[in-house]
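Protein sequences appear in the order of chains D and C. Quick note, in the numbering used here, the first sequence goes up one by one and the last residue is 262. Quick note, in the numbering used here, the second sequence goes up one by one and the last residue is 465. Here's the structure, in structure tokens; my notes come after.
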Amino acid sequence: MQTILEPCRVKKNYWRDLWTYRGLFQVLAARDISVRYKQTVIGVAWALIRPFLTMVIFTVIFGRVAKLPSEGNAPYALMVFAGMLPWQFFSNALSEASNSLVSNANLLTKIYFPRLIVPTASVIVSFVDFLISFVILVGMMVYYQYAPSWQILLLPVFVAVAFFASLGPGLWITSLNVKYRDFRYIIPFLVQFGLYVSPVGFSSSVVPEKWRLLYSLNPMVGVIDGFRWCILGGDSTINWNTFGMSLAVTSFFLWLGIHQFRKMERTFADLI
Amino acid sequence: MPGDVVISVEKLSKRYLVGHQSAGAGDSYQSLREALVRHGRNMARKTLDMARGRQIIQGDEVEEFWALKDVSFEVGQGEVVGIIGRNGAGKSTLLKVLSRITEPTKGRITLRGRVAALLEVGTGFHPELTGRENIFLNGAILGMTKAEIRAKFDEIVDFSEVEKFLDLPVKRYSSGMHVRLSFAVAAHLDPEILIVDEVLAVGDVNFQKKCLGKMKDVTKTDGRTVLFVSHNMSAIRSLCTRAILLRQGGLSKDGNPIEVIEDYLGANDAASFDGLISDDLPRVYETGEARVRRIQLLGDEGRPTNHVAMGSPMEWLVQFEVLKPVDDLLVELGMLDTDMNQLTQSLSVLHGRPGYNLTPGRYEVRVRIDAVFHPGSYSMLVGLHHQTDGATVDWIERAVDFEVMNGPSDSPYHYSAREVRAFIRPPETWTEPKRLVEPA
């Protein structure tokens, strides 16, 4: 096995290396997850309590206080939670991925492995959180005795889109963050802003027609709508044009993210 | 196959960009206007750099620093190569490039085989995880598969001697335990090419012996190729089949370890001990008021030399040039050992006495040091300071190297033990043994 190291050499072996180091995806993700609940009294139960409490707060604020209308005859709490789940996944994944390289600086300066693994592991960690919250969602559906229809089988599609929708921008920001640390301060605003323009607390049907196109540029719109549609079936509507737009935006950012990351990867150890 | 080239380095160069704060900036008092102007200029430069896609550098001025310059060498399979050099010579940078952590600026490297690099002990250790969890984490990060780690788990725990504390979070470990555990994992890697950076300089003597022993096993029995950076010359001598000396980024010598080590420890050119300090020599501190021009060790009949016998007084000559009228000056000399630890300090003016007030010109001072030093290789630093506030006018860390030779066997100053311990025998007066009378 021969490796040649030269300035600016396109590493043809990169994807082969990713396969060789595939164990690291799981190792880094497992590390981040197990560290979270060390020395806690409640331990892993926090993983369930946190999303549950968030759901309660959202339902109270958006449903009772702001009195935004629900869709169809689905219980409001369910509608909110079904929208909140993918959003939480996306925002956590994006925030964590954006900081992942800098927080793992000690690894980057001392050991070689394909750096793409680091932000991807952060997204995987958020995905695990998502799965736990999904269990709560299932619990809620049981509580409201709300049976899902066939659309629920398409759920993995929307989850996958959410995964890549957070990975794309995450890669782009984390690689730029290594060089220009300003990006670290931009992320919280981005996420905050995103929360208000994504159909988490409200349904997409309240968005006036003239803002539709601009609104659809947010990749999470298509994902969250789709997610709701899968869970709530006929009680929720989905606009396939919007979803197509989300797919396009996600793919674009994914390509941009990977491109930027690979371009800057060889300088990470020097700049971090 | 032994003898096949596994590492080929061709004209490798690595450049870094270094930022400096401009001369007046760090000083005590700066007006707000000056500070704002400086800040604005820096921000403008950084924005321009960002627009051009260049690296942003903190500081007011940017300078190029070549950590490696045109280094070329080849390593065959089964060789154990020691890389030595002063701090800043480029050793760690060379290892970083070979381990693919950073990219060469110029040149080319060809590697044949799996590379594992140990640039730091405990890479990836997380303080909240237990020793057991960290073994798996560290092993995976170093490139071992889970199955490999599980197979070698008991050996690793055994080597590290932390079995009792394995399920305790690593943040509770002592630094010694930390080091033992991390090295234990790394020692059980089995790549074709192993790159190790000064990590053996940690841990107690027993542990260091254990580590060296393990490395010997790895190289002799398994025929691995090893690149090894160390300041421990005896480790290099006992382990390496070949040594490479790096000096200020360039490859200075490549060959037999004993010869290369001698070159490193600075066997001076026997012909001239002129002791001249050139203007180009990099200085650690200087204010420009005065500069040291020459430093020489004087032997018999006042002739410059590079060695002195144990027990003989040393006479040193220092010539310096005063460039601007200077007040309160004194001369400092200090002996250093081969690890650059400062062993002695001689000051030409006693505490409480005024330093020299000198007008521009060339001056000479001599000092006679009567202490008895043990045989060994030493170097001398020389400096000029202000007596009262201690400000440094000029300072050269390793101005000249010299040897203290063992005295002849019939002299009272003869060191007869095989290993020289300590560096000085202080002036002392012993009484004869007096028999003690037991109380009644």
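Using N, Cα and C, we set each Cβ at its ideal position, and we do this for glycine too. Nothing here was measured: the structure is a model prediction, and the numbers come from that model.
Short Cβ contact (8 Å threshold) for residue i with residue j
i, j, result
"Arg267(C)", "Val106(C)", "yes"
"Phe345(C)", "Phe398(C)", "no"
"Tyr440(C)", "Met335(C)", "yes"
"Met69(D)", "Ala155(D)", "no"
"Leu106(D)", "Phe251(D)", "yes"
"Thr155(C)", "Pro129(C)", "no"
"Ser81(D)", "Val181(D)", "yes"
"Met254(D)", "Lys200(D)", "no"
"Glu86(C)", "His45(C)", "yes"
"Leu261(D)", "Val122(C)", "no"
"Lys196(C)", "Pro152(C)", "yes"
"Gly212(D)", "Phe233(D)", "yes"
"Leu264(C)", "Ala211(C)", "no"
"Leu161(D)", "Pro109(D)", "yes"
"Met430(C)", "His332(C)", "yes"
"Leu42(C)", "Leu93(C)", "no"
"Glu217(C)", "Gly138(C)", "yes"
"Ala72(D)", "Leu237(D)", "no"
Cβ shell of residue i (< 8 Å), same chain only, five flanking positions each side left out
i, result
"Val283(C)", "Looking at the sequence itself, residue 283(C) is Ile, so the reference to Val does not match. Correct list, in chain order: Arg262."
"Asp294(C)", "With a pLDDT of only 38 at Asp294(C), under 50, the local geometry of the prediction cannot be trusted, and the value read off the model is given with reservation. Excluding sequence neighbours, Asp294(C) sits near nothing in its chain."
"Gly113(C)", "Gln273"
"Val34(D)", "Tyr27"
"Ser162(C)", "Looking at the sequence shown, residue 162(C) is not Ser but Leu. Cβ within range, chain order: Gly149, Phe150, His151, Leu154."
Span of the alpha helix (DSSP H) around residue i
i, result
"Gly336(C)", "That residue, Gly336(C), is in no alpha helix (DSSP H); it is neither H nor E in DSSP."
"Ala176(C)", "171 to 185"
"Val211(D)", "209 to 222"
"Gln182(D)", "173 to 187"
"Met75(C)", "57 to 76"
"Leu323(C)", "Element bounds for Leu323(C): not the alpha helix (DSSP H) but the beta strand (DSSP E), 315 to 323."
"Ala67(D)", "66 to 93"
"Thr7(C)", "Outside the modelled stretch of chain C, which goes from 26 to 465, sits residue 7(C), for which no answer is possible."
"Leu261(D)", "258 to 261"
"Gly164(C)", "156 to 167"
"Asp22(D)", "13 to 26"
Span of the beta strand (DSSP E), counted from its first residue to its last, around residue i
i, result
"Trp162(D)", "Here Trp162(D) belongs to no beta strand (DSSP E); instead the alpha helix (DSSP H) covers 145 to 169."
"Glu428(C)", "417 to 430"
"Ser38(C)", "30 to 45"
"Ala230(C)", "Here residue 230(C) turns out to be Val, not Ala, going by the sequence shown. Note, Val230(C): premise wrong, no beta strand (DSSP E); alpha helix (DSSP H) at 230 to 247."
"Asn382(C)", "381 to 383"
"Lys116(C)", "Looking at the DSSP string, Lys116(C) is not in any beta strand (DSSP E); the run it does join, the alpha helix (DSSP H), is 116 to 123."
"Phe242(D)", "Premise fails: Phe242(D) lies in the alpha helix (DSSP H), 230 to 254, not in any beta strand (DSSP E)."
"Phe253(C)", "250 to 254"
"Thr(-7)(D)", "-8 to -5"
Close-in-space but distant-in-sequence residues of the same chain around residue i (CB under 6 Å, 5 per side omitted)
i, result
"Ala296(C)", "Caution applies to Ala296(C), whose pLDDT of 41 falls short of 50 and renders its modelled position unreliable; the model cannot decide the point."
"Leu252(C)", "Val106, Ile220"
"Lys177(C)", "His213"
"Arg393(C)", "Pro338, Glu340"
"Pro(-3)(D)", "none"
"Ala142(C)", "Ser124, Ile220"
"Glu389(C)", "Gln344"
"Phe173(D)", "Ile163, Leu166, Asn167"
"Ala259(D)", "Leu98, Thr99"
"Arg133(C)", "Glu35"
"Pro350(C)", "Thr384"
"Pro65(D)", "Tyr134"
"Leu157(D)", "Val113"
"Lys278(C)", "Leu270, Val285, Asp288"
Cut-off 7 Å between Cβ atoms - residues of its own chain near residue i, not counting five sequence neighbours on either side
i, result
"Asp395(C)", "Pro338"
"Ala292(C)", "Its pLDDT being 42, under 50, Ala292(C) is placed unreliably in this model, and the value from its coordinates should be taken loosely. The answer is none, since no qualifying residue turns up."
"Asp124(D)", "Here the sequence assigns Phe to residue 124(D), which means Asp is not the residue at that position. So the list reads Leu75, once near-sequence residues are dropped."
Per DSSP, cross-strand counterpart(s) of residue i
i, result
"Leu206(C)", "Note: Leu206(C) sits in no beta bridge, so no partner."
"Glu99(C)", "Ser33(C)"
"Asp279(C)", "Ile269(C)"
"Val397(C)", "Arg450(C)"
"Val356(C)", "Leu409(C)"
"Gly386(C)", "Val347(C)"
"Val392(C)", "Trp341(C)"
"Phe90(C)", "Tyr41(C)"
Checklist line | Residues in the region 21 to 39 of chain D having any Cβ partner in chain C nearer than 8 Å | finding: Arg21, Ser24, Val25, Lys28, Gln29
Item checked: Interface residues of the region 170 to 194 of chain C facing chain D [CB-CB below 9 Å] -> Contact residues of the region 170 to 194 of chain C toward chain D are Thr170, Lys171, Pro194 (C-beta to C-beta distance below 9 Å).
Check: Of the residues that make up the region 242 to 259 of chain D, which ones have a beta carbon closer than 8 Å to any beta carbon in chain C?
Finding: Arg256, Thr257, Ala259
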